[in-house]
Structure formats: structure tokens, C-alpha cells
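Protein chains in written order, with our numbering: chain F, 1 to 162; chain U, 1001 to 1407.
The beta carbon of each residue, even a glycine, is placed where N, CA and C say it ideally should be.
For reference, the structure is listed below as C-alpha cells.
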Amino acid sequence: MKMNFKPFIQIIWLASFVVIATACNKFVVEDVNYAQEIESVLVPDENGDVHDVRYGITFNVEPFKKQEFSEDEPVDINEVRLIRNAQGYYFITANHFKNVYVMEPGKSELKLKKKIKVSEERLNAPAFNLRESTVQLIKTDSNEILTLNENGIQENNEEDQS
Amino acid sequence: MKRVIQSINIIFISVLLTGTVLAQTSDYQVKKEFEAVYTELQQNIETAMTVDEVDSLINEVDNLEATYKDREELLDHALYPKTYSESLDQLKQNARNAEHKLLIIEDQGEKLVRLSDELSSYRSEIAHLNTRTDSLRNMINDSEQSEQNLSALVQRYRSSMEERDEFVLNMIDSLFVSYRDLESNTIADIEERSRDIENENNPLEVIQGVIEDNIQILKADDGNLQTEDHLRMYVVQSRFNEVWNQIGSDLARLYGGNNASQWETGIEDKLGDWKASASKNMWASIDEHLEQENVELNAFDNNESFYSAIETFISNATDSSRDKVVTNENYDDFQAFYDFWNGKIKSEWGEFVQEGEVLTMAQISTIDSEMMTWRDEAKPKSFLIPILFGLSLITIVGLIIVLARKN
């Protein structure tokens, strides 16, 4: 009696294909540093779009405006401040905001990771600095510094640090 | 005053930013403030008017560098694609270039004033020589003196003209040498300094005056000058034209102010008149000389027609010589033309003929070769040797016959 090997060969082929495909999907480059060393200060155009030529990102500020202000508050956003930490999250705020928005980039989108309340009053002249792995929010009017990460404000805030 | 205010601005911004740097408020702010001082320094360097000013700006660049040294890494990122040190190097290089340019301008400004003085003194000397030649010409025209004295006066007049032309040549050479060294990119900067030069010392006025004098002299010629004088005057004009073509536009820009193009056109028109007069007198004088030497050339009034007339003359004379092998009539014609060609065109007038391109070297060389052919054809052929040879042959044959009969 002769054995039929044809089904076995087909199974081996299929198994090999699955193994190779799985290996391809797992191709990952690790320890990528997305950090943007200096914040970008972007001026919205008439449509509310901001373009960061150097770091290559364009988005609209209207969604942030809706988050921050009620419809009866006629506030113009003159400048948007943006910085990216090593993990790749964008930290976005602007003058008169109360929050810093930590946004996670996706396919053609920025998804809110964390909305960090940084001030009871509206911010006046905020600025971002990148220090090692963290983002600093500097309230230049009060010289107060908040250390932020994608999860919120870090406990060990240094005030008036140089 | 403007400079002082600019310096105060820079110091003020520097003091402000020193405070900012100490407070370390915002990296972005540090970048903006660095860029503000940098831009202001760059503008001040570009508009600096003196070497001292640039020196002081170089010190300010050093201060800027010292102030931001600690923020170099940040600024390397902030100033991408340039680095912090590249940006400062660029600023220093700009300052050094500005300093170099200002040194040249200062030097050239002084040179311009010196040159104007020099031109004025040439102008006075030429005016003096003009007066002398005018008075000699008048003396010749009014002269009722003996032929010997008249001849001496004409000789003095011609020498005076020669001296005058030499001065004009020196002046134009001096002008050329001085302006050739001017760097064209600094001409706009030294224009202002050139405006300080008084009107009568303005080189354009001097040049225009010299051209007008020459046109007048050429038009007033009443036959006292010889071909050599006309050739020299033609060469002076050519040289003047050549120099003007090279530096005329720059001179007009420098000294013509708002009327630069009118000056340029005006002088070019006058140069055209001068050239026409000098050329007409020179060709007419050569023609007259040839007529006196009984050399009949076709009409000519420029290089091409003169060359063509000589070629035709030699070619016809060579053909004619072939028909008259025995007579030496054509050889005398050859000799007359040879004397003119070698004695005048190539020797006595040679320098002016070449410099004024009355004939080019190639044309002279072609005519030389045609002259040799003409000489060979014009030389009367001697039949003495063939006759003697024939006689000798007959004698030998006769002797052989006599001897043979005896035997």
C-alpha cells in the first residue's frame, strides 16, 4: 500500500508560510528617540492650520480651541506651542489654555493620551523645554516649572530652577 | 549717532538675555534672543561705514559667543541646519570681509583723490602745451620770415605737438592703471567720496576737455604736420578709445552722479568725432606722401582698403614686370615702393603703424612676401652668361673639328 504524501507537503508549505509571515509582522526597531530638542512655536493660518516645517507635522487647532473655550468665548489662538518627548507623544498648549494636551500620533490623527490641567487660571506665556526624558512646562510670568510626562505632572517638580 | 543707538540696542538686548539665560525660562526664548542679537549684528556689519566700526562689531560678536557658549548644544539644535559655531564663524567671516572691503574703499578713496590731483596737473600741462602750439601755429601762419626760419618754426611746432601727445598718452595710461585696480564691487561704495572732488578736477571734465582740444587741433591743421605726426595722433586716439572702453562706464558711474549715462554717451560721441578726424587726416596724409613718391594706389581710407590698395598695386606691378624682362624700368618702380615700404611703413612709422593697426602684422608679412615675388620679376635679366657659354661651346667644338682634320 502506497502512502499519499501530498497533503503532508501542503501542510508543511502552509506552516512555513505562517511562520515567515509572523516573523515579518514582528519586525520592530526598538529604542527610537522621538525627542524634539526645542519646542516649536506655530502660528495658525486663517483656517486654524499649523505647519511645523522642520519636524513635519500639520494639524488644525480648532479641536483644541473647542476643548479649552466655550463657544461664547471669542479667543484667538495666536501661537501654538508643541514639543515631542522621547516616547513620541506630542505636548501641546497655547496662551490662555488651562491644560497641556498629550497627544499620541496615529494614522492621520492625533489621539488624546492625557489632558493635564496645569493652571486654574489661564496660562500666560507658557513655554516647553525638554530636559532628559521629561518635558518641562514653564510659566514664564511666574517662573514656575512643571515637569510633565505622558501620564501627567511628575511629583518632584522643581520650582524656579535654573 | 545711528551707530551709537545700534550699539546701545545690542548691549541692551545682551543684558536682557543674560538675565534670561540665568533664569533659564525657555529654550525657545534663548533661541529667539540669540537670533535677534545675531541678526542685528549681521545688519550692522553689512552697513558699517568704517573699519573702526567693524572692529567694535567684531568685539560684540566675541561677547555674543562668550554669552551663549553654555547653550551651544541647545543652539546647535535650534539653529539647524547650521550649528552654533558655524553661525558665529559666518558672522565673523562677514565682519572680516566687511573690514577688508572698507580698507579697500578707504584706500581707493584716497587713490581717487590723488588721481584727480594728478589728472588736474596733466590737464594744466596739456593746456600750457596747447597754448604753446597755438602760438607757434599762429606764428607760422603769419610768418613772413625766411624759409629757413619758417622751417625751424614748423619743427618747433611739431616737437611741441609730440610733447603734448606724449602727455595725453601718459595721462590716459595713468588713468587706466589707477582705475584698472579699482574693484568693481566697491565702485558703488566709493561713489559718494568721488562726489567731494571739485568740478574742475572731475576726471570726466578733464577727459572731455582733452578730447575737445584734440578735435580742435585736428580740424585746424593747415598742412604743417607730417604723416608721422598724423600717425602718432591716430595712435593717441586709438589708445584713448581703448582705455575708455575698459574703464569709461566705471568712471561715468563714479563721477557722473545722476547724469552718468549722459556723460558716458557724450564722451563716446566726442571720441567718435575725434576718431573720424584723426583717421581722415592720417589716411589723407599717407595718400599725399605716396603721391609725392609717385606711387599711385587705389583710394583708401581705412585699414582694409589701404591693404587692398597695396596688394592690388604690387600684383599689377608684378604682372607688368613679367612682360618687361630686359628693361629696368619696373625695377625702378619696385625700388621706389620698396623704399616707402621698408623705410617708412616698417621703420620710421613702424611703431605707429603697428600700435594704431594701420596695417596688422599678418598683412605686413603677406605684403613682404609679395614684395619678394615682385623683386624677382622686376629684376632685369642679364643674357651675358648664356652668350659667353654659347661662345665657349662653339670654340671647343671648332677646336675639336680642327684637331680631327689635322689627324
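Burial state of residue i, where buried means 16 or more other Cβ atoms lie within 10 Å
i: residue 1202 of chain U; result: buried
i: residue 132 of chain F; result: exposed
i: residue 1178 of chain U; result: buried
i: residue 1361 of chain U; result: exposed
i: residue 1133 of chain U; result: buried
i: residue 1285 of chain U; result: buried
i: residue 7 of chain F; result: exposed
i: residue 1055 of chain U; result: exposed
i: residue 1394 of chain U; result: exposed
i: residue 55 of chain F; result: exposed
i: residue 1229 of chain U; result: buried
i: residue 102 of chain F; result: buried
i: residue 166 of chain F; result: The first residue shown for chain F is 1 and the last is 162, placing residue 166 of chain F beyond what the model contains.
i: residue 1098 of chain U; result: buried
i: residue 65 of chain F; result: buried
i: residue 93 of chain F; result: buried
i: residue 1344 of chain U; result: buried
i: residue 1116 of chain U; result: buried
i: residue 14 of chain F; result: exposed
i: residue 29 of chain F; result: exposed
i: residue 1389 of chain U; result: exposed
i: residue 1050 of chain U; result: exposed
i: residue 1066 of chain U; result: exposed
i: residue 1265 of chain U; result: exposed
i: residue 143 of chain F; result: exposed
i: residue 34 of chain F; result: exposed
i: residue 39 of chain F; result: buried
Beta carbon of residue i nearer than 8 angstroms to that of residue j
i: residue 1154 of chain U; j: residue 1231 of chain U; result: no
i: residue 1169 of chain U; j: residue 1236 of chain U; result: yes
i: residue 98 of chain F; j: residue 80 of chain F; result: no
i: residue 1068 of chain U; j: residue 41 of chain F; result: no
i: residue 126 of chain F; j: residue 145 of chain F; result: no
i: residue 1140 of chain U; j: residue 1224 of chain U; result: yes
i: residue 1222 of chain U; j: residue 1281 of chain U; result: no
i: residue 1346 of chain U; j: residue 1277 of chain U; result: no
i: residue 1241 of chain U; j: residue 1271 of chain U; result: yes
i: residue 109 of chain F; j: residue 89 of chain F; result: no
i: residue 1338 of chain U; j: residue 1372 of chain U; result: no
i: residue 1075 of chain U; j: residue 1031 of chain U; result: yes
i: residue 1167 of chain U; j: residue 1126 of chain U; result: yes
i: residue 1305 of chain U; j: residue 1234 of chain U; result: no
i: residue 1048 of chain U; j: residue 1102 of chain U; result: yes
Contacting residues, own chain, Cβ-Cβ under 7 angstroms from residue i (five flanking each side not counted)
i: residue 1079 of chain U; result: 1087
i: residue 1174 of chain U; result: 1118
i: residue 1022 of chain U; result: Below a pLDDT of 50, predicted positions are generally treated as unreliable, and residue 1022 of chain U, at 46, falls in that range; the measurement from the model is reported next regardless. Excluding sequence neighbours, residue 1022 of chain U sits near nothing in its chain.
i: residue 1239 of chain U; result: 1169, 1172
i: residue 1042 of chain U; result: 1091, 1094
i: residue 1136 of chain U; result: 1153, 1156, 1157, 1160
i: residue 1375 of chain U; result: 1334
i: residue 77 of chain F; result: 44, 61, 65, 94
i: residue 37 of chain F; result: 130
Proximal residues to residue i (C-beta, below 8 angstroms), its chain only, five neighbours per side dropped
i: residue 152 of chain F; result: 114, 116
i: residue 1366 of chain U; result: 1311
i: residue 1176 of chain U; result: 1243, 1246, 1247
i: residue 1046 of chain U; result: 1094, 1098
i: residue 1261 of chain U; result: 1252
i: residue 1267 of chain U; result: 1204, 1207, 1208, 1211, 1244, 1248, 1252
i: residue 1336 of chain U; result: 1293, 1294, 1295
i: residue 1357 of chain U; result: 1238, 1303
Contact set for residue i: own chain, Cβ-Cβ below 6 angstroms, skip 5 residues either direction
i: residue 1322 of chain U; result: 1377
i: residue 1130 of chain U; result: 1213
i: residue 134 of chain F; result: 147, 149
i: residue 1363 of chain U; result: 1307
i: residue 124 of chain F; result: 141
Check: residue i C-beta below 7 angstroms from any heavy atom of the ligand ADP
i: residue 155 of chain F; result: Annotation note on the ligand ADP: not contained in the displayed structure, which lists no ligands.
*Let me know the alpha helix (DSSP H) ranges lying completely inside the segment 1102 to 1189 of chain U, each 4 residues or longer, listed in chain order.*
With a minimum length of 4 residues, the unbroken runs of alpha helix (DSSP H) contained wholly in the segment 1102 to 1189 of chain U fall at 1147 to 1180.
*asked:* Output needed in chain order: residues of the segment 1097 to 1121 of chain U with a Cβ under 8 angstroms from some Cβ in chain F.
replied: Closer than 8 angstroms at the C-beta level to chain F, one finds no residue of the segment 1097 to 1121 of chain U.
*Can you list, in chain order, the residues of the segment 132 to 155 of chain F whose Cβ is nearer than 7 angstroms to any Cβ on chain U?*
Residues of the segment 132 to 155 of chain F with a C-beta less than 7 angstroms from any C-beta of chain U: 138, 140, 143, listed in chain order.
*Between the segment 1027 to 1049 of chain U and chain F, which residues of the former have a C-beta closer than 8 angstroms to a C-beta of the latter?*
Under the 8 angstroms Cβ criterion, the segment 1027 to 1049 of chain U contributes 1027, 1028, 1029, 1031.
*Please specify which runs of the beta strand (DSSP E), each continuous and at least 3 residues long, are wholly inside the segment 1301 to 1339 of chain U, giving them in chain order.*
Within the segment 1301 to 1339 of chain U, no complete beta strand (DSSP E) run reaches 3 residues.
*Along the segment 20 to 49 of chain F, what residues have a CB closer than 7 angstroms to any CB found in chain U?*
Only 37, 38, 39, 41 from the segment 20 to 49 of chain F bring a Cβ to less than 7 angstroms from some Cβ of chain U.
*With 7 angstroms as the limit, tell me which residues of the segment 118 to 131 of chain F have their beta carbon closer than that to any beta carbon of chain U; keep them in chain order.*
For the segment 118 to 131 of chain F, the set of positions with a beta-carbon nearer than 7 angstroms to some beta-carbon of chain U reads 127, 129 in chain order.
*Check distances from the C-beta atoms of the segment 1068 to 1098 of chain U to those of chain F and list, in chain order, the residues that come in under 8 angstroms.*
Taking 8 angstroms as the upper bound on Cβ-Cβ separation, chain F lies near residues 1074, 1077, 1078, 1080 of the segment 1068 to 1098 of chain U.
*For the segment 1341 to 1402 of chain U, list the alpha helix (DSSP H) runs that are entirely contained and at least 4 residues long, ordered along the chain.*
When DSSP assignments are scanned along the segment 1341 to 1402 of chain U, the uninterrupted stretches of alpha helix (DSSP H) that are 4 or more residues long and fall wholly within it turn out to be 1350 to 1355, 1361 to 1378.
*Which ranges does the beta strand (DSSP E) cover as unbroken runs of at least 3 residues, wholly within the segment 61 to 129 of chain F, from first to last along the chain?*
Within the segment 61 to 129 of chain F, the runs of beta strand (DSSP E) that reach at least 3 residues and sit entirely inside it are, in chain order, 80 to 84, 90 to 94, 99 to 106, 109 to 117.
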